[in-house]
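Notes follow the structure.
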Amino acid sequence: METARDDGEAAALGAAALSAELSDARLVARCRTGDEDAWRLLVERFSRYVYAICVQAFRLPEHDAEDVFQEVFARVYERLETLREDESFRPWVGQLTRRCCIDRLRAGSREEAADSVPETAADDVLAKLEEAFDVHDALAGLPENCREILDRFFARDESYRTIGEALELPAGTIASRISRCLERLRDAFAGRNEPSPPSREQVT
Amino acid sequence: MSAYDIEYLSRLIGMLPPAPEGWVRAAQELPKARRELDTIVERAEADKAFREALVADLESALRAEGVEPTRPLLEELRRRVAE
Numbered sequence: 000m001e002t003a004r005d006d007g008e009a010a011a012l013g014a015a016a017l018s019a020e021l022s023d024a025r026l027v028a029r030c031r032t033g034d035e036d037a038w039r040l041l042v043e044r045f046s047r048y049v050y051a052i053c054v055q056a057f058r059l060p061e062h063d064a065e066d067v068f069q070e071v072f073a074r075v076y077e078r079l080e081t082l083r084e085d086e087s088f089r090p091w092v093g094q095l096t097r098r099c100c101i102d103r104l105r106a107g108s109r110e111e112a113a114d115s116v117p118e119t120a121a122d123d124v125l126a127k128l129e130e131a132f133d134v135h136d137a138l139a140g141l142p143e144n145c146r147e148i149l150d151r152f153f154a155r156d157e158s159y160r161t162i163g164e165a166l167e168l169p170a171g172t173i174a175s176r177i178s179r180c181l182e183r184l185r186d187a188f189a190g191r192n193e194p195s196p197p198s199r200e201q202v203t
Numbered sequence: 000m001s002a003y004d005i006e007y008l009s010r011l012i013g014m015l016p017p018a019p020e021g022w023v024r025a026a027q028e029l030p031k032a033r034r035e036l037d038t039i040v041e042r043a044e045a046d047k048a049f050r051e052a053l054v055a056d057l058e059s060a061l062r063a064e065g066v067e068p069t070r071p072l073l074e075e076l077r078r079r080v081a082e
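Chains as they are written, first to last, in numbering that gives the first Met the number 0: chain A, 0 to 203; chain B, 0 to 82.
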């Protein structure tokens, strides 16, 4: 019954909306059943995160980063059955990526560099990437016009002109739309991160 | 600095640029690539000439089947053909 309901949901929502609607845990559960659309969405959802760990936290050169990126998703595909809690997918894939990066550095010709890049050296960047992932999660919950303009401007580094042409917007309205969308994102993100009353009581 | 500061949020958005499209596509097509790999290995077991050609050039064999020859796939094919 659950599968039938999920299939109905998938058809009704379409791939893009499905990606935003499904939790990591449900996406992982669907991948386990051999759902290839779910696998594509899972790769899409985590591709930026894996890529950023490779090139920002561990500063792998492009060709090494590509190998690690493919290695990570190959291992995820092979070992998805071993994941005990589907909710833990993100820390699992994060740790897998970090291990693959370290292995790559140690196995490469830059062994001296590997020795000088202990896991702690990347910790600051990794912590920021976790926050960045949460922000992108909040971004996924905004209307498409906001998602797209913020992603194009800040993540894809596109100019006002490129954005204006792609979205058919007058250049003069782009800055104000970005500003409004950032405010919406801030509100959405704040809503997700408000501490709950019980935890406040515990602190005091 | 507030965690909800707009400047800070915009910097965090910028920390996750898209991965190169080709990398993402290759990873997304992993299930199909694995099936192609099985087909190639079965054929290599049944056809000696194909096996020799395969061993000589694994990368071309994968490309001929429409599979992007990523390093993990090449390693798996090499291992399975050697068995």
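Ideal placement from N, C-alpha and C gives every residue a C-beta, glycine not left out.
First through last residue of the alpha helix (DSSP H) which encompasses residue i
i: residue 145 of chain B; result: One cannot answer for residue 145 of chain B here, as it falls past the ends of chain B, which runs 0 to 82.
i: residue 46 of chain A; result: 35-51
i: residue 58 of chain B; result: 57-63
i: residue 134 of chain A; result: 122-139
i: residue 77 of chain A; result: 61-78
i: residue 27 of chain A; result: 23-31
Where residue i falls: helix, strand or coil (DSSP)
i: residue 30 of chain B; result: helix
i: residue 46 of chain B; result: coil
i: residue 147 of chain A; result: helix
i: residue 164 of chain A; result: helix
i: residue 93 of chain A; result: helix
i: residue 77 of chain B; result: helix
i: residue 107 of chain A; result: coil
i: residue 69 of chain B; result: coil
i: residue 176 of chain A; result: helix
i: residue 87 of chain A; result: helix
i: residue 197 of chain A; result: Since pLDDT at residue 197 of chain A reaches only 42, below the 50 mark, its modelled position is unreliable, and the value read off the structure follows with that caveat. Helix at residue 197 of chain A.
i: residue 152 of chain A; result: helix
i: residue 189 of chain A; result: helix
i: residue 183 of chain A; result: helix
i: residue 18 of chain B; result: coil
i: residue 58 of chain A; result: coil
i: residue 82 of chain B; result: coil
i: residue 53 of chain B; result: helix
i: residue 36 of chain B; result: helix
Buried or exposed (CB count within 10 angstroms, at least 16 for buried), residue i
i: residue 93 of chain A; result: buried
i: residue 44 of chain A; result: buried
i: residue 63 of chain A; result: buried
i: residue 59 of chain B; result: exposed
i: residue 186 of chain A; result: exposed
i: residue 121 of chain A; result: buried
i: residue 83 of chain B; result: Chain B is shown from 0 up to 82; residue 83 of chain B falls before or after that span and cannot be answered.
i: residue 245 of chain A; result: What is shown of chain A runs 0 to 203, which leaves residue 245 of chain A out entirely.
i: residue 37 of chain B; result: exposed
i: residue 161 of chain A; result: exposed
i: residue 46 of chain B; result: exposed
Residue closest to residue i, alpha-carbon to alpha-carbon, out of the options
i: residue 98 of chain A; options: A:52, A:173, A:80, A:60; result: A:52
i: residue 66 of chain B; options: B:11, B:10, B:28, B:45; result: B:28
i: residue 79 of chain B; options: B:40, B:45, B:52; result: B:40
i: residue 72 of chain A; options: B:50, B:82, B:22, B:55; result: B:22
i: residue 46 of chain A; options: B:47, B:51, B:33, B:24; result: B:24
Residue i: contacting residues in chain E (beta-carbon distance under 7 angstroms)
i: residue 42 of chain A; result: Any reference to chain E falls outside this structure, whose protein chains are A and B.
Review point. Can at least three beta-carbon pairs, one atom from the region 147-158 of chain A and one from the region 7-21 of chain B, be found at a separation below 8 angstroms?
Key: yes
Check your understanding: Does the region 171-178 of chain A come close enough to the region 126-143 of chain A that 3 or more CB-CB pairs lie under 8 angstroms?
Key -> no
Review point. On the three-pair Cβ rule with 8 angstroms, is the region 18-28 of chain A touching the region 75-93 of chain A?
Key: yes
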